[in-house]
Each structure stands twice: as C-alpha cells, then as structure tokens.
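A.B. asks: Quick one: this structure, given as structure tokens, is what I'll be asking you about.
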Amino acid sequence: MLLNRSPEVPANLTPEYFAAEHVYKSAETPQEKIAALEQMLASLPKHKGTEKMQADIKHRLAEARRESQKVRKTGVHSAPAYLIKREGAGQMALFGPPNAGKSQLVQALTHAHVQVADYPFSTRMPLAGMMLFEDVQIQLVDMPPICAEFMEPWLPQVVRSAQMGSLVVDANDPDVLGEIDFILTAADGWHARRPKLLVANKIDLPEATGNFRAIEELYGGEFHCLAVSALTGIGLADFARASFDALKLVRFYSKPPGKKADLDVPYVLLRGSTVQDAASHVHRDFAEHLKYARLFRKSHEHDGLMVERSHIIDDGDILEFHM
48 MLLNRSPEVP
58 ANLTPEYFAA
68 EHVYKSAETP
78 QEKIAALEQM
88 LASLPKHKGT
98 EKMQADIKHR
108 LAEARRESQK
118 VRKTGVHSAP
128 AYLIKREGAG
138 QMALFGPPNA
148 GKSQLVQALT
158 HAHVQVADYP
168 FSTRMPLAGM
178 MLFEDVQIQL
188 VDMPPICAEF
198 MEPWLPQVVR
208 SAQMGSLVVD
218 ANDPDVLGEI
228 DFILTAADGW
238 HARRPKLLVA
248 NKIDLPEATG
258 NFRAIEELYG
268 GEFHCLAVSA
278 LTGIGLADFA
288 RASFDALKLV
298 RFYSKPPGKK
308 ADLDVPYVLL
318 RGSTVQDAAS
328 HVHRDFAEHL
338 KYARLFRKSH
348 EHDGLMVERS
358 HIIDDGDILE
368 FHM
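As structure tokens, this is what we get:
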C-alpha cells in the first residue's frame with residue numbers, strides 16, 4: 048500500500064524563517080503580510096532544495112502587494128495611524144520601558160522632531176525618522192513604552208508588524224534587568240519576534256557601566272548588546288552599523304559598461320540576493336535580457352570578474368550588467 052507523504056521540508060531552515068512564518072500567519076493587513084514574507088524570503092537558504100518554497104513565497108508576496116495596491120486605490124481598510132509605513136532601506140522600531148531614552152536616540156540620529164521629556168509616557172504614538180548609515184537611509188520608529196502599569200492597546204500589533212526591533216533600556220536604572228525580562232516575556236506572549244539588538248542607553252551615567260556588564264553576561268548570547276549615550280553620542284555609530292547588519296541588508300552599485308561606477312547612491316537588497324535580483328532591482332528589462340555581469344570591488348575597480356545570474360552579491364559590490 049502507498050502512503051500519502053507530506054511534502055518534505057528542508058532540514059536547514061533557520062529560526063528566523065520560522066519566526067517570520069509565524070508572524071505571516073498572524074498578519075492582519077497587506078503591509079504586515081508583505082513585511083513577514085520579505086523576511087521569510089530573506090532568511091530562506093538559497094539552494095535547489097528550496098526552489099519551490101522560494102517560488103511559493105514570491106507568489107504570495109506578489110499577491111500581498113496587489114492586495115496592498117487595491118487597498119491604497121480604494122481607500123478601504125486603510126492602515127491605522129499607529130502602523131508606520133516602511134520607508135528607506137529598512138525599518139528599525141525602538142521598544143522599551145518608560146524613560147529609556149528612545150525618543151532621545153531618534154532625535155540624535157535623525158532629523159525627526161520628537162518630544163523628549165523627563166517624565167514617562169511622553170510618547171503616545173509612533174514617530175519615524177530617517178537614520179543615515181554611511182550612504183543608506185534606515186527608518187527608526189520611536190514607540191510608546193512597554194510596562195506593567197500601562198500600555199497602548201494596539202502596541203502588540205505594532206510589535207508583531209515591525210520589520211526589526213531594538214530593545215532600548217536605561218543602563219543606569221537599578222531595575223534594568225527586571226524591565227528587560229518583563230518586555231521579553233510580553234513579546235513572547237504576543238507571538239512577536241524578539242528584537243535583534245539590546246541597546247543600553249545612558250551609558251555615561253554613574254551606575255550604567257556595571258549594569259551593562261550584567262546585561263552582557265545574561266543576554267549577550269542571544270542579543271547584540273550595545274552601550275550608547277544619546278546625550279553624548281557614545282556608541283551611536285556602532286548602533287547604526289548594527290542596525291544595518293540586523294536588517295540583513297547589502298548594497299551594490301551600478302557600473303555602465305565602459306564608464307565609471309556610480310558610487311554616490313547604492314541599491315539596497317536583502318542579504319542572499321543574486322545578480323539576477325540586482326538586475327531586476329535596477330530595471331525589469333535588465334533581468335529579462337541579462338546574459339552575465341562583471342563584478343568589481345572598490346579596491347580593485349579595474350579587475351572585473353565575470354559572474355553568472357545566480358552569483359550571491361556581497362555588500363559593496365559593483366555590478367556591470369551585460370545583455
């Protein structure tokens with residue numbers, strides 16, 4: 048007798064993929080579906096065994112984008128005001144307890160006009176600003192605080208829909224470890240992905256350094272822990288770099304044949320993207336008629352290496368497309 052067998056699932060799927068898949072299953076809006084599917088595609092290993100899964104995710108992504116376009120055209124079921132439209136190369140939402148300095152971080156790293164106050168709950172609605180990492184714009188979103196006393200009722204939905212999150216805490220607070228535990232427990236209860244970065248703000252204050260050592264000891268194995276000061280600027284460049292890495296982004300630059308590369312404004316894709324993906328990003332016709340590409344590095348701009356469509360691009364690659 049022949050038994051019905053369920054489709055085989057590749058054994059090397061990452062935890063990031065399963066987390067994104069969980070977010071997709073609980074998504075309520077086209078924007079949430081798109082964000083989750085993009086994360087699923089980015090974290091899916093690229094090899095022959097996942098080709099059908101890649102095609103299925105791309106098909107669902109196209110459907111979600113068509114659904115999103117219909118919503119925008121009709122104005123029906125428009126996204127609530129607390130869901131921030133993603134802009135720039137990627138979105139990093141800042142979550143944390145009251146008075147952790149999230150607004151101050153956004154103010155220090157962007158041109159957004161945020162309300163910075165010494166009292167808690169000064170942030171009641173999300174507010175976005177654009178942070179520059181080298182030549183890439185990353186969207187930072189200042190979120191209302193998460194705490195036991197009071198939380199906005201829609202906050203769990205925003206945490207689930209955020210592309211990527213940073214947990215921002217006050218490193219000088221004597222109860223900082225308790226606050227971290229509370230927020231992580233809450234996020235798990237909301238079936239949200241845990242943040243990639245754990246940002247200990249106010250590192251310039253007296254008790255902060257010792258507390259940060261305790262944070263690293265307890266959470267360093269799970270999170271990228273950063274010590275920063277939004278007031279003095281300590282660690283802000285490291286935070287920008289860590290955000291770019293956590294979002295799993297890569298940059299590439301276009302070089303017309305026989306001409307110099309345009310190194311002013313990069314194209315940005317998700318890590319794991321191929322030369323074919325890069326060609327599609329520049330122009331649809333490039334992807335349809337692409338024969339091969341030449342790969343250049345900034346340090347060896349005159350030594351072009353011929354690469355195929357399936358070649359995985361690295362951050363900073365310079366690509367010359369040949370039709």
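Residue numbers for the sequence shown follow our numbering, so the first one is 48 and each next one is one higher. Just so it is clear, CB atoms sit at the ideal spot from N, CA and C, and this is done for glycine as well. Treat the numbers as computed from the prediction; the structure is a model and nothing was measured.
Taking the straight line between their C-alpha atoms, what separation do you get for F286 and V275?
C.D. replies: 8 Å
A.B. asks: Can you check DSSP and say which residues form a bridge with G212?
C.D. replies: A140
A.B. asks: What number of angstroms, rounded off, separates the C-alpha of M177 from the C-alpha of I281?
C.D. replies: 19 Å
A.B. asks: Does the distance from the C-beta atom of A83 to that of A89 stay below 7 Å?
C.D. replies: no
A.B. asks: Below 7 Å between beta carbons: does that hold for G267 and L214?
C.D. replies: Cβ distance not < 7 Å, so G267 and L214 don't count as in contact.
A.B. asks: Span of the beta strand (DSSP E) holding H456?
C.D. replies: This structure cannot settle anything about residue 456, because the visible part of the chain is limited to 48 through 370.
A.B. asks: Thinking F343 and K302 are a contact (beta carbons under 8 Å), I'd like their distance in whole angstroms, please.
C.D. replies: 6 Å
A.B. asks: In three-state DSSP terms, what is G236?
C.D. replies: helix
A.B. asks: Buried or exposed: where does T157 fall if 16 or more other Cβ atoms within 10 Å of its Cβ makes it buried?
C.D. replies: buried
A.B. asks: Compare the C-alpha of S355 against each of D361, D362, K338 and name the closest.
C.D. replies: The sequence shown places Glu at residue 355, rather than the Ser named in the question. Ranking D361, D362, K338 by Cα distance to E355 puts K338 first.
A.B. asks: Tell me, please, whether the stretch 181-193 touches the stretch 135-150 by the rule of three or more beta-carbon pairs shorter than 8 Å.
C.D. replies: yes
A.B. asks: Looking only at DSSP bridge pairs, what is F368 linked to?
C.D. replies: A340
A.B. asks: Terminal residues of the continuous alpha helix (DSSP H) containing D292?
C.D. replies: 283-293
A.B. asks: Evaluate T76 with the Cβ neighbour count: other Cβ atoms within 10 Å of its Cβ, from every protein chain shown; 16 or more gives buried, anything less gives exposed.
C.D. replies: buried
A.B. asks: Do you know whose CA, among K345, A111, H369, lies nearest E335's CA?
C.D. replies: H369
A.B. asks: Comparing C-alpha positions only, which one of D311, G319, L60 sits nearest to E181?
C.D. replies: Nearest to E181 by alpha-carbon distance, out of D311, G319, L60, is D311.
A.B. asks: In three-state DSSP terms, what is P54?
C.D. replies: Annotation note: pLDDT 44 at P54 (below 50); position unreliable, coordinate value reported separately. It is coil, neither helix nor strand.
A.B. asks: When the Cβ atoms of the stretch 201-209 are set against those of the stretch 230-240, are three or more pairs found closer than 8 Å?
C.D. replies: yes
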